[in-house]
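This report concerns only the one structure given below.
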Amino acid sequence: MQNDLELEEELAQRQLSRRTFGRILPYVRPYRGMIVAALAFEVGWVASVVAEPHLIHVGIDDMLVRGDAVGLAWVVALLAGLALQRAVFDVVELGWMWKAGHATLTDLRKHVFRHVHSLSVRYFDQTRQGRDLPWLQALLAFTGKTFFHSLLDHL
233 MQNDLELEEE LAQRQLSRRT FGRILPYVRP YRGMIVAALA FEVGWVASVV
283 AEPHLIHVGI DDMLVRGDAV GLAWVVALLA GLALQRAVFD VVELGWMWKA
333 GHATLTDLRK HVFRHVHSLS VRYFDQTRQG RDLPWLQALL AFTGKTFFHS
383 LLDHL
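Per the numbering used here, residue 233 is the first one in the sequence shown, and the count goes up by one each step.
Pasting the structure below:
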């Protein structure tokens, strides 16, 4: 028989299957707008990272070579603006993803709690005491760690 630590380790290492992912989706649906908005912010963050080398190229090869101090000042201002944009996008995106993930796990935990409390007393009489709790904790921890990484993998 497998001990609880081995079970928890096995669940933590296991990749989220499509079936499990499909079972979790109903808990995510109420927060899909927040997740889509966070992913849009991530796209904006990536676009600013991609634009930065181009602006450096323009600043060095065009403005600096021609001696255009005003143009170079604009490029520097744009680079500073991109850095500020990335910082804001990073904070907003991470905040929304954290909030959506936390709310999803809270909903899942509430569902599990309602289910456990709906079981008959006979179930608890016939089940070895303490065996279900570590399994449920491992399942919830596994779901929390891997859900949003797997969400991006399945998109």
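A virtual CB, placed ideally from N, CA and C, is assigned to each residue, including glycine.
For Tyr259 and Thr336, which I take to be in contact (beta-carbon distance under 8 Å), what is that distance rounded to the nearest angstrom?
With a Cβ gap of about 5 Å, Tyr259 and Thr336 count as contacting.
Can you tell me whether Ile292 is buried or exposed, with buried defined as 16 or more other CB within 10 angstroms of its CB?
With fewer than 16 other Cβ atoms within 10 Å, it is exposed.
Starting from Val290, follow the alpha helix (DSSP H) in both directions and report where the run begins and ends.
Per DSSP, Val290 belongs to no alpha helix (DSSP H) and is neither H nor E.
Helix, strand or coil at Gly299 according to DSSP, with G and I counted as helix
Note: Gly299 maps to coil in three-state DSSP.
Does the segment 322-338 touch the segment 279-287, meaning 3 or more C-beta pairs lie closer than 8 Å?
At 8 Å Cβ cutoff, the stretches do not touch.
Excluding the five sequence neighbours on either side, which residues of its own chain have a C-beta within less than 6 Å of the C-beta of Arg318, listed in chain order?
Counting only Cβ-Cβ distances below 6 Å, and skipping sequence neighbours, we find Trp277, Ser280.
Could you tell me the distance, in whole angstroms, from the CA atom of Leu351 to the CA atom of His343?
Looking at the two C-alpha atoms, the distance is approximately 13 Å.
Could you check the C-alpha separation between His289 and His347 for me, to the nearest Å?
Between His289 and His347, the C-alpha separation is close to 60 Å.
List the whole-angstrom C-beta distance separating Trp328 from Ala270, where the pair is believed to meet the contact cut-off of C-beta under 8 Å.
Between Trp328 and Ala270 the beta-carbon gap is near 4 Å, inside 8 Å, which marks them as a contact.
In chain order, which alpha helix (DSSP H) runs of at least 4 residues are fully inside the segment 338-363?
Whole alpha helix (DSSP H) segments, 4+ residues: 353-358.
Measuring CA to CA, which of Glu325, His286, Thr338 is closest to Leu311?
It is His286 whose Cα lies nearest to the Cα of Leu311.
Trp306 to Phe321 span [Cα, whole Å]:
Note on geometry: alpha-carbon atoms of Trp306 and Phe321 lie some 22 Å from one another.
Does Ser249 come out as helix, strand or coil in the three-state DSSP assignment?
Three-state result, Ser249: coil.
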